[in-house]
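Its first residue numbered 44, the sequence shown is counted upward by one per residue in the numbering used here. We put the CB at the ideal spot given by N, CA and C, even for glycine. Quick notes on the structure that follows.
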Amino acid sequence: MQAKTTREKIIDDCIQLLWKNGVNGTSMSDIAEKAAILKGSFYNYFKSKEEFVGAVLDSYAQRWESNVVAIFREKKLSARAQFKKYFERMKEMAATMQYTQGSLVGNFAQELSGASEKFAAQSEKFFRRMQSYLTDALKDAQLNGSLAEGEDPETLAEIILNSTEGAILRAKTQRSTRPIEILEEFFLQKFVPV
Numbered sequence: 044m045q046a047k048t049t050r051e052k053i054i055d056d057c058i059q060l061l062w063k064n065g066v067n068g069t070s071m072s073d074i075a076e077k078a079a080i081l082k083g084s085f086y087n088y089f090k091s092k093e094e095f096v097g098a099v100l101d102s103y104a105q106r107w108e109s110n111v112v113a114i115f116r117e118k119k120l121s122a123r124a125q126f127k128k129y130f131e132r133m134k135e136m137a138a139t140m141q142y143t144q145g146s147l148v149g150n151f152a153q154e155l156s157g158a159s160e161k162f163a164a165q166s167e168k169f170f171r172r173m174q175s176y177l178t179d180a181l182k183d184a185q186l187n188g189s190l191a192e193g194e195d196p197e198t199l200a201e202i203i204l205n206s207t208e209g210a211i212l213r214a215k216t217q218r219s220t221r222p223i224e225i226l227e228e229f230f231l232q233k234f235v236p237v
């Protein structure tokens, strides 16, 4: 296994800090302290806080893909089982974070997209990639007959993605997985028959 670069270590050390406090709620001093570096040393690895936040989003997207999206690569699972596992993972993540952190990309998008075209585009790129994985899984489900032919996989994938982000936000405010459970029940029963 390759040793982490200092840049990767700073990202890893600070991702939870940004997730918990948000970008605007995290100072450069907070980042330096958490990463155990001198504040001025930060600029040896990142040109700006904006570049750092972009790198955090990229790192998160890679982790998300390896942990969550991998579910849809498990071809031995039925489409219904893949989506059930997807929702289970969402509930696990919400509970592990004690319902306080929500979706990192969703949080950053809400906080930064209005002020930064770059972050809006970076967040949207992540969401589009997620939607493409969901779309592919739904197309596979349609091909094997476990999803009705009349359903539009692309539209349904967008609905699932948008609803998941909303359910994660509601889980955060309710301190409960119930919003994710409701979405899971609705989707699995209505759209993906057993």
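If you draw a 10 Å sphere on the C-beta of Thr207, you find 16 or more other C-beta atoms in it, and that means buried. Taking C-alpha positions only, Gln125 is separated from Ile203 by approximately 13 Å. For Lys128, the enclosing alpha helix (DSSP H) stretches over residues 122 to 139. One Cα belongs to Ala163, the other to Asn110, and the distance between them is close to 23 Å. A Cβ-Cβ distance of about 7 Å is found for the pair Lys161 and Gly97, placing them in contact under the 8 Å criterion. DSSP, reduced to helix, strand and coil, places Leu81 outside both helices and strands of the structure shown, so it counts as coil. Taken through DSSP and simplified to helix, strand or coil, Val96 comes out as helix.
With fewer than three CB-CB distances shorter than 8 Å, the region 134 to 149 does not count as touching the region 69 to 80. Thr69 sits in coil when the DSSP states are folded into three classes, being neither helix nor strand. In the pairwise beta carbon analysis, the region 173 to 181 is classified as touching the region 193 to 200: at least three pairs are separated by under 8 Å. The C-alpha of Gly149 lies about 27 Å from the C-alpha of Thr49. With a 10 Å radius around the Cβ and a threshold of 16 neighbouring Cβ atoms, Gln217 comes out exposed.
Within the same chain, and ignoring the five residues on either side of Ser159 in sequence, the residues whose Cβ sits closer than 8 Å to its Cβ are Glu93. Met133 sits away from Ile225, with the two beta carbons spaced by 7 Å or more.
Judged by DSSP secondary structure, Glu117 falls outside any alpha helix (DSSP H); it is assigned neither H nor E.
Listed in chain order, the non-local C-beta contacts of Tyr142 below 7 Å within the same chain comprise Ala214, Lys215, Arg218, Ser219, local neighbours out to five positions each way being set aside. When only Cα atoms are considered, Gly209 and Arg106 end up about 21 Å apart. Lys47 carries a coil assignment under DSSP once its states are collapsed to helix, strand and coil.
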